[in-house]
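Here is the structure we will look at, set down as structure tokens.
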Amino acid sequence: MGLLKTLLIVVQVLSALGIIGLVLLQHGKGADMGAAFGSGSSGSLFGASGSANFLSRTTAALAAVFFVTTLGLTYLGSYKPASNIGVLGNLPAATAPATASASAAASAPAPASAANPQDVPK
164 MGLLKTLLIV
174 VQVLSALGII
184 GLVLLQHGKG
194 ADMGAAFGSG
204 SSGSLFGASG
214 SANFLSRTTA
224 ALAAVFFVTT
234 LGLTYLGSYK
244 PASNIGVLGN
254 LPAATAPATA
264 SASAAASAPA
274 PASAANPQDV
284 PK
């Protein structure tokens, strides 16, 4: 469980950093107005219209990964394994003493008086 938890934490941190980077790369809706007057750079790395689709979809995919890892970490954090109380921990309490006393009575030797009926006083 520890390895899975560590793996989920690493994936969550990487997706969070990816979301931060992609959000910083995107330009807002008001940036198009500045590009119309020559102050913005409309021909950026992904082009004028291609960046919105690629960056938006990648951000949405990383956000989905982030939410899934968060749910997984929540589940693993609330998981508590059953306590190990030994080999006899799985036996029901009512049957364990009855079985032990019955097997002890069956394995006990018979009294000497019951073996020889001649020794019993009349």
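Taking this note's numbering, the leading residue of the sequence shown gets 164, the next gets one more, and so forth.
Glycine included, each C-beta is placed from N, C-alpha and C at the ideal position.
Between which two residues does the alpha helix (DSSP H) containing residue 191 stretch?
Numbered from 1 along the sequence shown, position 28 holds the residue referred to as residue 191. First-last for residue 191: undefined, no H or E at that position.
Spatial neighbours of residue 185 in its chain, beta-carbon cut-off 8 Å, leaving aside the 5 residues before and after:
For the purposes of this step, residue 185 is taken as the residue at position 22 of the sequence shown. Closer than 8 Å at the Cβ level, and outside the excluded window around residue 185, lie 218, 221, 222 and 225.
Excluding the 5 residues preceding and the 5 following residue 178 in the sequence, name in chain order all residues of the same chain whose CB lies nearer than 6 Å to its CB.
If you number the sequence shown from 1, residue 178 lands on position 15. The residues are 225, 228 and 229.
Going by C-alpha distance, which of 231, 189 and 250 is nearest residue 170?
Taking the first residue of the sequence shown as position 1, residue 170 is located at position 7. Checked all of 231, 189 and 250; the closest Cα to residue 170 is 231.
Residue 234 versus residue 175: straight-line alpha-carbon distance, rounded
Reading the sequence shown from its first residue, position 71 is the one you call residue 234. Reading the sequence shown from its first residue, position 12 is the one you call residue 175. Taking the straight line from one Cα to the other gives about 11 Å.
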